[in-house]
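Sequential numbering from 479 applies to the sequence shown in this note's numbering. What follows is a set of notes on a single structure, which appears directly below.
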Amino acid sequence: MESFSKLSEYIKELFHDSSDLVVREIDWPDDEAILCHFSVLMDNSVISEQLNMIQNRLQEKLPNWGETPTSSLETFHPSKLVEYVCAGESTIILVKANLLLRITLPNVPHRAPMEPGNEIVVQGPHDGFVESMDVNIALVRKRLLIPNLVVRKVVVSSFSKTPMCYMYIESKVNQVTLDEIHNRLRKLETDFLFSTGQIQDELEDNIWSPFPQLMTTERPDKVATNLMEGKVVILVDQSPTALLGPVTFFSFYQSPDDYNGRVLVGSFFRLLRIFSFLTAIFLPAFYIAIVSFHFEVLPLELSKTVKTSVNEIPYRPFIEAMILEITIELIREASIRLPSPVGQTIGIVGGLVIGDAIVSAGLVSNLMVIVVALTAISSFVVPSNEMNMSIRLLRYPFMIAASLFGFFGIVIGTLILFIHLTNLRSLTQPYFYPVVPFKPSVFKDIFFRRPFPKPHLQATSFTPKKNEDRSKEDKL
């Protein structure tokens with residue numbers, strides 16, 4: 479009893495005498511045993527059943543009585559005790575034998591895999607990642623029933639010990655990419671890791687670029703298709719978001735929904751998304767350049783309408799555009815932060831009321847409202863939230879260039895943007911592929927959704943074969 483009291487006090491000091499810590503003596507054949515775990519992370523009924531099974535194996539004098547699919551036996555050490563208990567495991571300390579029996583049956587709460595709210599599924603599977611890394615791995619393995627799907631677990635946080643992992647298919651992954659991810663994760667040092675956003679800075683080649691060099695998703699079907707393309711997936715425990723890499727610029731304009739519908743429909747919407755990138759960046763800049771410098775490019779009938787509308791505004795077109803752009807960003811940010819019913823009301827009522835009031839007050843013209851509204855709609859067409867935010871930021875430099883130099887400023891800005899995209903890398907792989915390096919044979923896969931290959935033989939369901947028809951006629 480004295481050894482139990484000393485050891486139990488020592489264990490409580492290790493965990494700072496937390497109120498949810500369970501440290502108590504239990505019956506054990508020919509030894510003193512101390513049970514230790516956090517009560518909030520365990521199911522007592524399951525632990526009792528497991529303990530009874532292990533004790534029965536011990537009484538039957540089985541050589542590996544402590545080794546079961548959910549338990550293991552090793553030499554006792556205080557650091558191992560702390561690691562296992564904090565991970566949600568139940569441990570039994572055998573005092574005389576100096577052994578530690580760990581039972582890996584944590585009961586960590588997590589939500590059910592439901593459809594992610596920020597990635598709406600039009601047609602396809604409606605399950606999504608949750609805040610449990612093991613559940614997320616299971617959702618991926620459910621779709622890829624293959625032995626060469628490899629999972630490598632890593633612990634990068636020195637204080638919180640938050641586990642993370644990266645997944646890849648051995649037969650499809652690029653070894654250079656795999657080595658690069660392994661080296662960068664090994665260099666990562668942080669006290670507390672709670673989301674994938676923390677490790678993006680370490681994994682991205684250029685953190686100051688407006689373009690994301692890694693793709694985030696909460697859809698297991700999207701992860702599975704990217705794994706089949708040879709990409710690497712990074713998962714962090716307590717985060718429902720997965721990181722995909724390496725990616726290209728055009729990867730952000732593709733969606734698994736393209737392959738869940740018909741070929742023409744999927745191709746049309748893919749082309750529409752790429753066109754929306756040009757509209758979201760260049761439309762306000764073109765309007766500012768035309769009104770400020772190049773009025774002669776408009777048709778005569780339209781130029782009269784534009785000139786009449788612009789002459790009543792006391793500000794330059796650039797100031798008009800900035801007023802509306804900032805107003806839309808404020809409405810969007812407010813609608814996101816507020817509860818859903820209130821946020822939708824703010825978005826609709828705020829947009830209508832403020833837009834009409836700004837025009838009636840003579841601060842902006844009607845045409846500027848139309849241009850900025852089309853720009854905002856085009857920026858929301860992108861399936862990726864990261865690329866959506868990048869596009870919204872990029873339009874401001876082009877608006878400034880257009881207000882200073884007109885079409886010449888837009889051309890210079892486009893040239894700088896193209897140079898930046900050609901020099902950008904995602905995990906050392908070219909970001910603007912297949913434009914740079916140029917590969918024309920890949921362009922059709924970017925702009926069009928190719929049909930799945932048809933099988934050689936099609937089963938007939940309703941039309942009988944000709945020989946069957948003849949045999950029936952002979953019998954008649």
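For each residue, glycine too, the CB sits at the ideal point set by N, CA and C.
In the structure shown, the three-state DSSP call for Glu864 is helix. Under the three-pair Cβ rule at 8 Å, the segment 845–864 counts as touching the segment 747–765. The criterion of a C-beta distance shorter than 8 Å is not satisfied by Gln533 and Gly739.
With contact defined as three or more Cβ pairs closer than 8 Å, the segment 834–841 and the segment 720–728 are not in contact. Restricting attention to beta strand (DSSP E) runs no shorter than 3 residues, the segment 699–735 encloses them at 710–714 and 720–723, ordered along the chain.
For Ile685, no beta strand (DSSP E) encloses it, and the DSSP letter there is neither H nor E. For Asp683, the CB contacts under 8 Å within the same chain, skipping 5 residues up- and downstream, are Gln691, Leu902, Arg903, Ser904, Leu905 and Thr906 in chain order. Note on Ala799: 16 or more other CB atoms within 10 angstroms of its CB, so buried under the neighbour-count rule. Around the beta-carbon of Cys564, fewer than 16 other beta-carbon atoms lie within 10 Å, marking it exposed.
The shortest C-alpha to C-alpha distance from Leu671 to any of Leu623, Gly708, Asp715 and Gly884 is the one to Asp715. Cβ-Cβ separation between Leu713 and Asn652: approximately 20 Å, too far for a contact (criterion under 8 Å). Counted as a single uninterrupted DSSP element, the stretch harbouring His515 is not any alpha helix (DSSP H) but the beta strand (DSSP E) occupying residues Ala511 to Phe516. The straight-line gap separating the alpha-carbon atoms of His772 and Pro603 is approximately 50 Å. Annotation for Thr900: Phe910 and Val914 place their beta carbon closer than 6 Å to its own, counting only its chain and skipping 5 residues before and after. As the crow flies, the alpha-carbon of Lys639 is around 10 Å from that of Val632.
CA-CA distance, Trp506 to Thr694, rounds to 50 Å.
Residue burial annotation: Leu540 is exposed, with fewer than 16 other C-beta atoms found within 10 angstroms of its C-beta.
Under DSSP, the beta-bridge partners assigned to Leu551 are Leu579.
Per the C-alpha coordinates, the member of Pro587, Asn530, Arg502 and Tyr488 positioned closest to His555 is Tyr488. Under the three-state reduction of DSSP, Met531 is assigned to helix. A distance below 8 Å between beta-carbons, with the five flanking residues on each side excluded, links Gly884 to the following residues of its chain, in chain order: Ala767, Ser770, Phe771 and His772. Linking Thr569 to Thr703 through their CA atoms gives a straight-line distance of about 40 Å. Secondary structure note for Ile647: its beta strand (DSSP E) is the uninterrupted segment Pro641 to Ile647. At the C-beta level, Lys700 and Gly723 stay beyond 8 Å of one another. In the assembly as shown, Met611 is a buried residue. Its beta-carbon has 16 or more other beta-carbons within 10 Å. The continuous beta strand (DSSP E) containing Glu503 extends over residues Leu499 to Ile504. The C-beta of Glu696 has 16 or more other C-beta atoms within 10 Å across all chains shown, which makes the residue buried.
Collapsing the DSSP output to three states places Ser568 in a strand. Counting along the chain, Thr694 sits inside no alpha helix (DSSP H); it lies in the beta strand (DSSP E) bounded by residues Met693 to Thr695. Around the beta carbon of Thr674, 16 or more other beta carbons lie within 10 angstroms, which makes this residue buried. Using a Cβ distance threshold of 8 Å, Thr892 and Arg873 do not count as a contacting pair. Residue environment for Thr655: buried (at least 16 other C-beta atoms within 10 angstroms of its C-beta). Counting along the chain, the unbroken alpha helix (DSSP H) around Val741 starts and ends at Val741 to Ser770. Here Leu485 carries a helix assignment [DSSP, helix/strand/coil].
Under the three-state reduction of DSSP, Ser857 is assigned to helix. Spanning the alpha carbons of Asn585 and Val599 requires a straight line of approximately 30 Å.
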